[in-house]
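Counting from 1, one number per residue, gives the positions in the sequence shown under the working numbering. Even glycine gets a Cβ: it sits at the ideal position worked out from N, Cα and C.
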Amino acid sequence: MTLRVRVAVALCVIAACATIIVSFFAVRITEANSVRVIDKSLERIANIAELEARLNENSSRPVEEALIPTGTFVQIQSPDGTSKILWGEQAVQVPPTANVPEQAQEQAEKQDPGEPVYLDTLASGQPYRSLVQPSSSGGTLIISRELTPTNELVDDLIFQLTITGVVVTFAAGLLGYWAASSMLRPLDRLTRAAEHVAETGDLKVDIRTSRSDETGRLSRAFDEMLAALVAAQDSQKRLLQDAGHELRTPVASLMANAETLQRYPEMDSESRSKIAEDLMSESQELARMIAALVDLTGVLDDSEPIQTCRANQLCQATAHRLPAASRGRIRVSGDAELEGRPNQLQRALLNILNNAIKFSPAETGIEIEISAADGFVHIDTRDHGPGVPPEDVPFVFDRFKRAAEARQFDGSGLGLAIVTEICRHNGGSAQLWNHADGGAVVRISLPEPAL
């Protein structure tokens, strides 16, 4: 059974139960109100002064016929059981008040002598409602009224409520099915999208929706998840392409040098020594590049929780991870609280400081300035090196991107790429610009703690 059908059946059951309950109380209340109206009518007839006068004169009819509703019978029942009809065409046999039927026994015992008793009686097979009370002329005054119209009214009400209940239940099922279909339409799209991704591996599926309910939120979350997976997939492809391109050069150089050694075994020791140095240099470059690739793929581990930490302490702890000769060059000013993963952020700061130390003269310092603005904590690291050529500034955070001046130094071209990936993973960003007084400034911006 589909979810749509289950919702429709559930609404049908709820509507049916509600209809039955409402109908039950409606019928009971209608019956009670009808009997109450009849009882009041019987009381009114019994209290008519003209009728009481006629009874005293042993007359056969009340004064005014209009005072007696149709279907009403008035009679006097003597103690010996004989009845005298005062109004109507037949006598309704009711036991004397001293011997009222069992259903009225308790009521008669609770009432004072002379008070009326109400009974449900029969005459010629027809139901009647009777009022029984002592008569001033002796005997028992019995006023009876037919219940057939009331019973027909109740039966008609039951029939109408039954038809209404069936219609309401059927309508509730249709509305439930329609509502479930409307609510589940985004889920159908999600299901088809998931099945398409599972069958084809294609993550570029658009399931955006303008709905603002829970299913709409789920669709947008699923769409954002697919977009993030597409971005990650594209990033992996670019990484593999870039890595393949960058690794091709050192591998080709290693193969060329190895082939040279193999082809010329009689090579003199000086040439062999130079080739060995090249092999060692290229091997070290390849090892650094592979290590950087491993770092890039493994540095964004989500096992470390996001924490609130002091930016100054974070920078000081990072500075202590530098070689002892370089620690004294680091000067940190300012402080603020930020949110992030401390180990990852230290790794980003360490890459920035290593670059700053690499490109700065040994006698110069590295300034780290901490500030906060617009909900972010900014950590600016300035070196006193040659800066970055303006044409290379937009590309410094790209993978394997190295300026011409930087190629004379060891490096893989992945240090700043790791920095920007860490910043994005912690909800921040990274920027670089050249300082007006020389050198480069690298800024990482990280979110402040939520209030």
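Determine the direct distance from the alpha carbon of L175 to that of G71, and round the result to whole angstroms.
Along the sequence shown, one-based indexing puts residue 71 at 71. Along the sequence shown, one-based indexing puts residue 175 at 175. Taking the straight line from one Cα to the other gives about 47 Å.
Who are the Cβ neighbours of V419 in its own chain at under 8 Å, not counting the five residues just before and after it?
For the purposes of this step, residue 419 is taken as residue 419 along the sequence shown, with counting starting at 1. Excluding sequence neighbours, V419 sits near A348, N351, I352, F397, A430, V442, I444.
Under 6 Å Cβ to Cβ from G482, same chain only, skipping five residues before and after it: list those, please.
Because the chain in this structure spans residues 1 to 451, residue 482 falls outside the shown range and cannot be described.
What does a CB cutoff of less than 6 Å around S144 pick up in its chain, not counting 5 residues either side in sequence?
Translated into the one-based positions of the sequence shown, residue 144 becomes position 144. These residues qualify, in order along the chain: F73, V92, Y128, S130.
Whose CA, out of D392, N354, E224, lies closest to the CA of W433?
Within the sequence shown, residue 433 is the residue found at index 433, counting from 1. The option with the nearest alpha carbon to W433 is D392.
Figure out for me which residue from E146, D437, D335, G340 has the closest Cα to the Cα of E304.
Here residue 304 refers to the residue found at position 304 of the sequence shown. Comparing Cα-Cα distances from E304 to each of E146, D437, D335, G340, the minimum goes to G340.
Between V35, Q126, V132, which lies nearest to I76 when the distance is taken from Cα to Cα?
On the sequence shown, position 76 is the one that residue 76 refers to. Closest option to I76, Cα to Cα, is V132.
For P342, count neighbouring C-beta atoms within 10 Å of its own C-beta (all shown protein chains included) and say buried if the count is 16 or more, exposed if not.
The residue you call residue 342 lines up with position 342 of the sequence shown. Classification of P342: buried, given that the 10 Å Cβ count is 16 or more.
Give me the Cβ distance between T381 and Q346, rounded to the nearest whole Å; I'm assuming they're in contact under 8 Å.
Position 381 of the sequence shown, counted from the first residue, corresponds to residue 381. Position 346 of the sequence shown, counted from the first residue, corresponds to residue 346. At roughly 13 Å, the Cβ-Cβ gap does not stay under 8 Å, so T381 and Q346 are not in contact.
DSSP on V480, reduced to helix/strand/coil?
Nothing can be reported for residue 480, as the shown portion of the chain is limited to 1 through 451.
How many whole angstroms separate the CB atoms of A16 and G165, which I take to be in contact at a CB cut-off of 8 Å?
The sequence position of residue 16 within the sequence shown is 16, counting from 1. The sequence position of residue 165 within the sequence shown is 165, counting from 1. Confirmed, about 7 Å.
Are there 16 or more other CB atoms within 10 angstroms of the CB of G415, so buried, or fewer, so exposed?
Position 415 of the sequence shown holds residue 415. Buried, by the Cβ-count rule.
Roughly how many angstroms lie between the CA atoms of G388 and T364, to the nearest whole one?
Mapped onto the sequence shown, residue 388 falls at position 388. Mapped onto the sequence shown, residue 364 falls at position 364. Correcting the residue identity first, residue 388 is Val in this sequence and not Gly. Distance between the alpha carbons of V388 and T364: 18 Å.
Less than 6 Å between C-beta atoms, sequence neighbours within five positions excluded: which residues of the same chain meet that for N99?
To locate residue 99, count along the sequence shown from 1; it is residue 99. At N99, the pLDDT of 39 sits below 50, so the modelled position is not reliable; the number obtained from the coordinates is stated separately. Once the five neighbours on either side are set aside, N99 has no close Cβ partner at all.
Rounded to a whole number of angstroms, what is the C-alpha to C-alpha distance between R248 and I366?
Within the sequence shown, residue 248 is the residue found at index 248, counting from 1. Within the sequence shown, residue 366 is the residue found at index 366, counting from 1. Rounded to whole angstroms, R248 to I366 spans 35 Å at the Cα level.
Within a Cβ cutoff of 8 Å, which residues of the same chain sit near Q408, ignoring the five residues on either side of it in sequence?
Within the sequence shown, numbered from 1, the residue matching residue 408 stands at position 408. Reliability of the predicted coordinates at Q408 is poor, the pLDDT of 47 falling under 50, and the value obtained from them is presented with this limitation in mind. Once the five neighbours on either side are set aside, Q408 has no close Cβ partner at all.
If distances are taken between C-alpha atoms only, which option among A8, R6, E152, T162 comes closest to E31?
For this step, residue 31 is matched to residue 31 along the sequence shown. E31 has its Cα closest to that of E152, out of A8, R6, E152, T162.
Using three-state DSSP, classify G482 as helix, strand or coil.
As shown, the chain starts at 1 and ends at 451. That puts residue 482 outside it, with no answer to give.
Looking at the structure shown, is H435 part of a helix, part of a strand, or coil, going by DSSP?
If you number the sequence shown from 1, residue 435 lands on position 435. Coil.
Which residues share a DSSP beta bridge with L131?
As a first step, residue 131 must be located in the sequence shown, where it is residue number 131. According to DSSP, L131 bridges with Y118, I143.
Is it the case that the Cβ atoms of A8 and Y177 are separated by a distance below 7 Å?
By 1-based counting over the sequence shown, the position of residue 8 is 8. By 1-based counting over the sequence shown, the position of residue 177 is 177. Result yes, Cβ atoms of A8 and Y177 sit closer than 7 Å.
Given a cut-off of 7 Å, decide if R4 and S181 are closer than it, judged by their beta-carbon atoms.
On the sequence shown, residue 181 is found 181 positions in, with the first residue counted as 1. On the sequence shown, residue 4 is found 4 positions in, with the first residue counted as 1. For S181 and R4, yes; Cβs fall inside 7 Å.
Report yes if the CB atom of S379 is closer than 7 Å to the CB atom of A311, and no otherwise.
Taking the sequence shown and counting its residues from 1, one reaches residue 379 at position 379. Taking the sequence shown and counting its residues from 1, one reaches residue 311 at position 311. Position check: residue 379 holds Ile in this sequence, whereas Ser was assumed. In contact: I379 and A311 (Cβ atoms closer than 7 Å).
Checking 7 Å against the spacing of the C-beta atoms, do P186 and T209 come in under that value?
Walking along the sequence shown from the start, residue 186 turns up at place 186. Walking along the sequence shown from the start, residue 209 turns up at place 209. Yes, Cβ-Cβ distance for P186 and T209 is below 7 Å.
Helix, strand or coil, according to DSSP, for P342 in the structure here?
Locating residue 342 in the sequence shown gives position 342, counting from the first residue. Three-state result, P342: helix.
T140: which of S83, L184, R217 sits nearest, CA to CA?
As a working note, residue 140 is residue 140 in the sequence shown. For the residues S83, L184, R217, the minimum Cα distance to T140 belongs to S83.
E282 and L254 - do their beta-carbons sit closer together than 7 Å?
Taking the sequence shown and counting its residues from 1, the one referred to as residue 254 is at position 254. Taking the sequence shown and counting its residues from 1, the one referred to as residue 282 is at position 282. Their beta carbons are under 7 Å apart, which means L254 touches E282 by this criterion.
Would you tell me roughly how many angstroms separate the C-alpha atoms of R220 and I422, rounded to the nearest one?
One-based indexing of the sequence shown puts residue 220 at position 220. One-based indexing of the sequence shown puts residue 422 at position 422. Cα-Cα distance, rounded: 25 Å.
With distance defined between alpha-carbon atoms, name the residue in R36, V154, F376, A417 nearest to L451.
The residue given as residue 451 occupies position 451 in the sequence shown. Among R36, V154, F376, A417, the Cα nearest to that of L451 belongs to F376.
I believe L11 touches A172 by the beta-carbon criterion, under 8 Å. Please report the beta-carbon distance rounded to the nearest angstrom.
Mapped onto the sequence shown, residue 11 falls at position 11. Mapped onto the sequence shown, residue 172 falls at position 172. Contact flag correct, Cβ pair sits at about 5 Å.
Could you please give me the residues that DSSP links to L446 through a beta bridge?
Locating residue 446 in the sequence shown gives position 446, where the first residue counts as 1. Partner(s): V377.
Taking V117 as the reference, give the member of A276, A46, D155 with the closest Cα.
Locating residue 117 in the sequence shown gives position 117, counting from the first residue. Ranking the options by Cα distance to V117, first place goes to A46.
To the nearest angstrom, report how far apart A53 and D80 are at their CA atoms.
Residue mapping note: residue 53 aligns to position 53 of the sequence shown, counting from 1. Residue mapping note: residue 80 aligns to position 80 of the sequence shown, counting from 1. Because A53 carries a pLDDT of 45, less than 50, the predicted location of this residue cannot be relied on, and the following value inherits that uncertainty. Rounded to whole angstroms, A53 to D80 spans 23 Å at the Cα level.
Would you check if the distance between the CB atom of D234 and the CB atom of N257 is smaller than 7 Å?
Sequence index remark: in the sequence shown, residue 234 carries index 234 (1-based). Sequence index remark: in the sequence shown, residue 257 carries index 257 (1-based). No, these two residues do not count as a Cβ contact at 7 Å.
Quick check on the burial criterion: 16 or more other C-beta atoms within 10 angstroms. Buried or exposed for F222?
Locating residue 222 in the sequence shown gives position 222, where the first residue counts as 1. It is buried - the Cβ of F222 has at least 16 other Cβ atoms within 10 Å.
Quick check on A336: does DSSP put it in helix, strand or coil?
On the sequence shown, residue 336 is found 336 positions in, with the first residue counted as 1. Note: A336 maps to coil in three-state DSSP.
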